[in-house]
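Here the structure comes first, spelled out in structure tokens, and everything after it is commentary.
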Amino acid sequence: MPNTDEARRILNRLVAFPTVSRDSNIPLIDFVESYLAGQGIASVRVPNEDGTKAALYAHVGPDIDGGVVLSGHTDVVPVDGQDWSSDPFTVVEREGRLFGRGTCDMKGFDALALAAMARAAALHKEGRLKRPLQIALSYDEEIGCTGAPPMIDHMVSHGLPRAETVIVGEPSMMKAVTGHKGGFGYAVHIKGYEVHSSLIHKGVNAIMWGAKLIDWANRMNAENAAKTPSAIAATFEPPYTTLHIGTIHGGTAHNITAGDCWFGFDFRVVPGETVADWAAKFKAEVARLETEMQAIHPSAHIDLVQRFHVPGLVPEADGAAEALARRLTGDNASHVVSYGTEAGQFQERGYSAVICGPGDIDQAHQPDEFLTVEQFEAGQAFMDDLLATLGT
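Residue numbers (the numbering used here): 609 to 1000.
Here you go:
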């Protein structure tokens, strides 16, 4: 049985930091920086614009290309309104499960990665690490993977030895996931024109016009579902690009045409179709509706603010990351997922990337989120084998 003592101590500390995406992650980064320094590992911070958050990366081993990056994110989703049976920010072990916000998504992997970095540093001192190990921890993954791109760009532009592979430790039950959908989304503001509802023909009801854009999403989903999927799209569930609106609000009173309507509009795009094409199609529909609104009153308009853009992870032919993950896990099946990760952002910048981490994605974001001890141990065994591989 692999020894998880050090990784478990780190996990307890990481979960204790309530790094909900709306809040700062700096206390956690302070801890990680100090922990790595204690192992003789220098790290590099990449702060956001106002300094309230930071990503961090570090390198252990010879200053040569060809190593492995362990990629994780430090933020977690809120616990507001969720019914937890224990403190979400304290790891509690019950019946073979480690409960706590982020144990599964994805501080369990982060803890294993940090413990692996410490062991790699010891191996390097002994001259037993032939290829380097790196760690890359981001922020704001949960709100659109916005923290990773500046970090990756910094890694590339500041002389960090170029890794051959990136392992993104999102929960995959330690299976090698080689593809995921791309994603992008907009904050939509429909600006209408208020009149009394008895004079509806003179007003522009922002909610009702917003409903037309939402209905366009329904029509696109139906059309996409009816198509024969491409070979690569057929591997996904569902096997087509999806459009989604999760929240909406607006209006002033039941007898006034709504002057404003706000909602988020998100896309999950299968590989083989492009984010650019879907964005153009969406903006064309927005422009068409806006023209019709302005024919009623010229002040009416539709504003779009892009919230996030996450490129898809495209399965690689003879990819180095996939080959490594399969060799370490023994997994030879094909796996793709419909959620987005930072793997596509690494791949977009020329890295070979794969998703492989402990835990079940169904536990992510749930009340009483947990990571099984068995999966934590499987993650530890993976790290043990990875270090052995880097030493040969």
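Each residue gets a CB set at the ideal place from its N, CA and C atoms; glycine is no exception.
Could you confirm whether any beta carbon from chain D is found closer than 9 Å to the beta carbon of residue i?
| i | result |
| --- | --- |
| T849 | Annotation note: the requested chain D is absent from the structure, which comprises a single protein chain. |
By Cβ distance, which residues of its chain are closer than 6 Å to residue i, with the 5 residues on each side in sequence left out?
| i | result |
| --- | --- |
| S629 | D683, D748, E750 and I751 |
| P655 | A662 |
| H594 | The chain is shown from 609 up to 1000; residue 594 falls before or after that span and cannot be answered. |
| F875 | F792, L851 and W886 |
| D981 | The displayed chain sequence assigns Val, not Asp, to residue 981. Closer than 6 Å at the Cβ level, and outside the excluded window around V981, lie G704. |
In the DSSP assignment, the alpha helix (DSSP H) including residue i goes from what residue to what residue?
| i | result |
| --- | --- |
| A615 | D613 to A624 |
| Y643 | I634 to G646 |
| T660 | Per DSSP, T660 belongs to no alpha helix (DSSP H) and is neither H nor E. |
| W824 | A814 to A834 |
| F707 | It is not in any alpha helix (DSSP H) - F707 instead sits in the beta strand (DSSP E) that spans R705 to F707. |
| V894 | V883 to I904 |
| T937 | A928 to T937 |
| V764 | A756 to S765 |
| H732 | G716 to K733 |
Could you tell me the boundaries of the beta strand (DSSP E) in which residue i lies?
| i | result |
| --- | --- |
| F916 | H909 to V918 |
| E701 | V700 to R702 |
| H795 | The displayed chain sequence assigns Ala, not His, to residue 795. Taken as a continuous stretch (DSSP letters only), the beta strand (DSSP E) holding A795 covers G790 to K799. |
| R770 | That residue, R770, is in no beta strand (DSSP E); it is neither H nor E in DSSP. |
| A784 | No beta strand (DSSP E) contains A784, which DSSP labels as neither H nor E. |
| F990 | From DSSP, F990 is part of no beta strand (DSSP E) but of the alpha helix (DSSP H) over V981 to L998. |
| H862 | First-last for H862: undefined, no H or E at that position. |
| G680 | V676 to H681 |
Just to confirm my understanding: we take residue i, look at its own chain, exclude 5 residues before and 5 after, and list those with CB closer than 7 Å. What are they?
| i | result |
| --- | --- |
| V700 | S694, F707 and G708 |
| I760 | Q953, F954 and R957 |
| G648 | A729 |
| G854 | G872 |
| L897 | W817, K820, L821 and I910 |
| A972 | C712, D713 and P779 |
| F844 | K789, V878, V944 and S946 |
According to DSSP, which residues form a beta bridge with residue i?
| i | result |
| --- | --- |
| Y665 | V652 and A744 |
| A951 | Bridge partners of A951: none, in fact. |
| T850 | R876 |
| L921 | H788 |
How many whole angstroms separate the CB atoms of residue i and residue j, which I take to be in contact at a CB cut-off of 8 Å?
| i | j | result |
| --- | --- | --- |
| A615 | A723 | 4 Å |
| C869 | A795 | That pair is no contact at about 12 Å. |
| A929 | V774 | 6 Å |
Here's a check: name, in chain order, each residue in its chain whose Cβ is nearer than 8 Å to the Cβ of residue i, leaving out the five neighbours to either side.
| i | result |
| --- | --- |
| H788 | G920, L921, V944, V945, S946, Y947, G948, T949, A951, G952 and I963 |
| K835 | Y848 |
| P846 | A833 and S946 |
Please confirm whether residue i and residue j have their CB atoms less than 9 Å apart.
| i | j | result |
| --- | --- | --- |
| V677 | P975 | no |
| E802 | D713 | no |
| H804 | D911 | no |
| A607 | Q742 | This structure leaves residue 607 out entirely; the chain is present only between 609 and 1000. |
| M828 | A866 | no |
| G659 | R739 | no |
| Y665 | A721 | no |
| L995 | L644 | no |
| T1000 | R935 | no |
| G716 | Q902 | no |
| K799 | S679 | no |
| H781 | D968 | As written in the sequence, residue 781 is Met, which differs from the His given in the question. Yes, these two residues count as a Cβ contact at 9 Å. |
| V877 | G790 | yes |
| S765 | A756 | no |
| E985 | P696 | no |
| G927 | A961 | yes |
| F978 | C753 | no |
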